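Numbering (my numbering), first residue to last: 1 to 134.
Every residue, glycine too, gets a C-beta built ideally from N, C-alpha and C.
These numbers were taken from a predicted model, which means no experiment stands behind them.
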């Protein structure tokens, strides 16, 4: 009976260890893998946790998908078009789009009546600051 209990305890401990390890390595937004390797993300998390937190925030909060107003359809503010397979899973890093100073950027989303707005760098930083001071 003791042998069975030791085996059960060992299995439970192994399961908990694997889950703990998985939680530690998998805590980043997977979209970051478009720019960083897992090793680079772990190093960033260890050596520069503020930057790590900001990158995680950036990929999730620096853009908005919205309806393309008819009045804006041919507007010169529209910088071009982008192809996005899943509007609920946008990866600005895959699209090579990044916030710039003092300017929101607008892109028509191909095959839809939607547009992608990339917030200005200042807006993203303000949102990040607000999210960290709550």
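task: Mind checking which residues open and close the beta strand (DSSP E) that includes residue 114?
output: 114-118
task: Determine the closest residue to residue 103 out of 39, 56, 36, 62, with distance taken between C-alpha atoms.
output: 62
For residue 106 and residue 40, the rounded distance between their alpha carbons: 31 Å
task: Could you pull the start and end residues of the alpha helix (DSSP H) that residue 51 belongs to?
output: First-last of the alpha helix (DSSP H) with residue 51: 49-61.
Given residue 88 as reference, the closest of 38, 116, 34 once Cα atoms are compared: Proximity to residue 88 across 38, 116, 34 peaks at 116, based on C-alpha coordinates.
field: Three CB pairs or more closer than 8 Å across the segment 62-80 and the segment 34-50
entry: no
field: Nearest neighbour of residue 68, chosen from 60, 80, 59 [CA to CA]
entry: 80
- prompt: With burial defined as no fewer than 16 other Cβ atoms inside 10 Å of the residue's Cβ, what is the status of residue 56: buried or exposed?
  reply: buried
task: Find the nearest neighbour of residue 90 within the set 123, 78, 60, 35, judged by alpha-carbon distance.
output: When only C-alpha atoms are compared, the closest one is 60.
- prompt: Applying the criterion that 16 or more other CB atoms from any shown protein chain within 10 Å of the CB defines a buried residue, is residue 16 buried or exposed?
  reply: Here residue 16 scores only 40 on pLDDT, less than 50, and its place in the model should not be relied on; the value that follows carries that caveat. With fewer than 16 Cβ atoms within 10 Å of its Cβ, residue 16 is classed as exposed.
- prompt: Relative to the C-alpha of residue 120, which residue among 32, 58, 29, 34 is closest?
  reply: 58
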